[in-house]
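Residue numbers (the working numbering): 943 to 1455.
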Ligand code: MSP
């Protein structure tokens, strides 16, 4: 039987600049979901990429004295190298300047034109280059862009329009019938109230600059960058290129996006698909923003946290863990190094690191590392075992809601319980008193619990999970699956643990500054 497919995407990132930590966030969320789904047996397609057309990228290229294509070719590198550094397991990286994408965009534009859903008109109104968005006068704030507060430009040019208004009733019905389509709920309500004021036809071509995909039947026009960019999701699924692949992966299961681009994803994109007669994605998941001093982290505002530096300092798994554990999905979070250090010293060093380190050290001391069999269980052993085994259900439930934070909270509950178990079972006293059988049972119970915890950590902290697996002296980490978290007794007999440096050294904090 063929495995069930799962298709997840990130926003495609503008190449006008290098990434900051806020960009890393959506990509990490998508990566964790992709890894989790693979782990649970799905055939996953995970797509990310770069958004390379438009006035903003053209402007950035011109400022550097490069052609937009040269500029884009250079600027892809910092994105790809950050994803490698963050251990992002994407299956495909799409660039909107690729031939495969250009062809699909042009075909769609032409099909909608032929259908009468794209028509020629005159656009007169405001445009923010930074947001690559048209705004009606009523939406401006103090005459500036409502999103980024920059000055807007007045445009007056011939333009093709997309008959968005024609499909608003159909989209409303879809959103109402599929409460999961836009998540979290409060974002769905935002979309619904935005739609109440009526969806206007949108301008989908420009004539006053060059950097874009030409309208196939009217070369004076280039296609609006958002119309082009949104199509990346379906290009990536094989649409109009590979029928079998497209049938397998489309509709996408989740589009992970930031809250600032929700209207494009929850209104414009589904309407484009409705017009094409293509099935809508199952879910649009909007995340909140990372802020610094209360302001959205944003390269162009100079409010940045360099992700490369952070990874060098703290390690990629720590950053992945921090971003996912610190805030609930959809909410904003303030990024501070203090908060990162608190998580490292608390959850990672004190709780998880210590559990593994203490257990391995005791194993070396009492059994020269050799993993023992367990004897009769006491209630405290059974309790820890049940807690560890019940994690699978709890994690499944949380991940089903894409509540990665809750999954981590549940995993750490077991870590806490295991640390408490060490204190209660007091292996050192058992060793001292020569209660070898009891000591064997306690150590085996701890090791099995750590095995289960390590497996559950795989999607969020793949490197750490592999390290723990190594310290447990086990092999075949790559071939494990979520099912393995449901068994007790999975440690191979005759194996021995290996001593290693602490997983997460504590970070000294300078007090009383
Ligand atoms: N190119 C468009 C997306 C097209 S998708 C078809 C775009 N690119 S972007 O590079 O400006 O932003 C990409 C994503 O990063 C957006 O979802 C945005 O919300 C997210 N973030 C940018 N700054 C962020 C934070 N400070 N915090 C969290 N996410 C942030 O928009």
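Where a beta carbon is used, it is the ideal one built from N, C-alpha and C, also for glycine.
What you are looking at is a predicted structure, and each value in this text was computed from that prediction instead of being measured.
* **Ranges of the beta strand (DSSP E) found wholly within the stretch 952-1007, counting only runs of at least 3** => The stretch 952-1007 contains these whole beta strand (DSSP E) runs: 985-993.
* Determine the closest residue to residue 1220 out of 1230, 1207 and 1193, with distance taken between C-alpha atoms. => 1193
* Reduced DSSP category for residue 1082 - H, G, I as helix; E, B as strand; rest coil -> coil
* **Expected contact under 8 Å - CB spacing of residue 1144 and residue 1106 to nearest Å** => 5 Å
* Just grab the DSSP bridge partners of residue 1457 for me. => For the chain, the structure presents residues 943 to 1455; residue 1457 sits outside this window and is missing.
* Any non-hydrogen atom of the ligand MSP closer than 6 Å to residue 1172 Cβ -> Set against 6 Å, the gap from the CB of residue 1172 to the closest heavy atom of the ligand MSP is smaller.
* To do: Scan the stretch 1393-1430 and note each continuous alpha helix (DSSP H) run of 4 residues or more that stays entirely inside, going in chain order.
  => 1404-1413
* To do: Within 10 angstroms of the Cβ of residue 1454, are there 16 or more other Cβ atoms? Answer buried if so, exposed if not.
  => Low local confidence applies: a pLDDT of 39 at residue 1454 is under 50, so the model's placement there is unreliable, and no value is given.
* To do: Please name the residue in 1063, 989, 968 and 956 whose C-alpha comes closest to that of residue 1484.
  => Look at the range of the chain in this structure, 943 to 1455, and you will see that residue 1484 is not part of it.
* Identify whether residue 1157 lies in helix, strand or coil by the three-state DSSP scheme. => strand
* **residue 1064 classed as buried or exposed, judged by whether at least 16 other C-beta atoms fall within 10 angstroms** => exposed
* Asked: If we ignore side chains and look at the alpha-carbon of each, how far apart do residue 984 and residue 946 end up?
  -> Each residue's alpha carbon lies about 5 Å from the other.
* To do: Rounded to whole angstroms, what's the CA-CA distance from residue 1158 to residue 1002? Just pull it up for me.
  => Residue 1158 and residue 1002 have their C-alpha atoms some 26 Å from each other.
* Could you tell me the distance, in whole angstroms, from the CA atom of residue 1114 to the CA atom of residue 1201? => In this structure, the straight-line span from the alpha carbon of residue 1114 to that of residue 1201 is close to 19 Å.
* Asked: Cβ of residue 1027 within 7 Å of Cβ of residue 1253?
  -> yes
* residue 1126 to residue 1342, Cα distance in whole Å? -> Taking the Cα positions, residue 1126 is about 13 Å away from residue 1342.
* Asked: Which residue comes first and which comes last in the alpha helix (DSSP H) that contains residue 1101?
  -> Where residue 1101 is concerned, there is no enclosing alpha helix (DSSP H), although the beta strand (DSSP E) it sits in stretches over 1095-1104.
* **Of the residues 1363, 1285, 1239 and 1149, the one placed nearest residue 964, counting alpha carbons only** => 1239
* Through-space distance from residue 1431 to residue 1397, alpha-carbon basis -> 14 Å
* Can you name, in chain order, every residue of its own chain whose Cβ lies under 7 Å from the Cβ of residue 1333, other than the five neighbours on each side? -> 1352, 1353, 1356, 1394, 1398 and 1427.
* Who are the near neighbours of residue 1258 in its chain, counting only those whose CB is closer than 8 Å to its CB and skipping five residues on each side? -> 1027, 1028, 1029 and 1405
* Asked: For chain C, is any of its Cβ atoms less than 7 Å away from the one on residue 1366?
  -> Absent here is chain C; the protein component of the structure consists of one chain.
* Asked: Is the CB-CB distance between residue 954 and residue 993 below 7 Å?
  -> yes
* To do: List in chain order: all unbroken beta strand (DSSP E) runs of 3+ residues lying wholly within the stretch 1329-1397.
  => none
* Asked: Taking the C-alpha atoms as reference points, what is the distance between residue 1031 and residue 1249?
  -> 17 Å
* Are residue 1236 and residue 1273 closer than 7 Å when you measure CB to CB? -> no
* Please name the residue, chosen from 1376, 1336, 988 and 1103, that lies closest to residue 1177 on a Cα-to-Cα basis. => 988
* Taking the alpha-carbon positions, what's the residue 1066 to residue 1120 distance? -> Their Cα atoms are separated by approximately 36 Å.
* **Completely contained alpha helix (DSSP H) runs for the stretch 997-1057, where each covers 4 or more residues** => Taken in chain order, the complete alpha helix (DSSP H) segments of 4 or more residues contained in the stretch 997-1057 are 997-1005, 1010-1027 and 1041-1056.
* Report the three-state DSSP secondary structure of residue 1295 (helix, strand or coil). => helix
* Between residue 993 and the ligand MSP, is the CB less than 6 Å from at least one heavy atom? -> The answer is yes for residue 993.
* Residues near residue 1275 by beta carbon distance below 6 Å, same chain, minus five either side -> 1232, 1268 and 1269
* Proximity winner among 1079, 952, 1208 and 1415, relative to residue 1174 (alpha-carbon distances) -> 952
* Jot down the residue ranges of each uninterrupted beta strand (DSSP E) in the stretch 1208-1243, minimum 3 residues, whole runs only, in chain order. => 1226-1229 and 1232-1234
* Just to check, is the beta-carbon of residue 1164 closer than 6 Å to a non-hydrogen atom of the ligand MSP? -> no
* To do: Tell whether a beta-carbon distance below 7 Å holds between residue 1367 and residue 1384.
  => Contact: yes.
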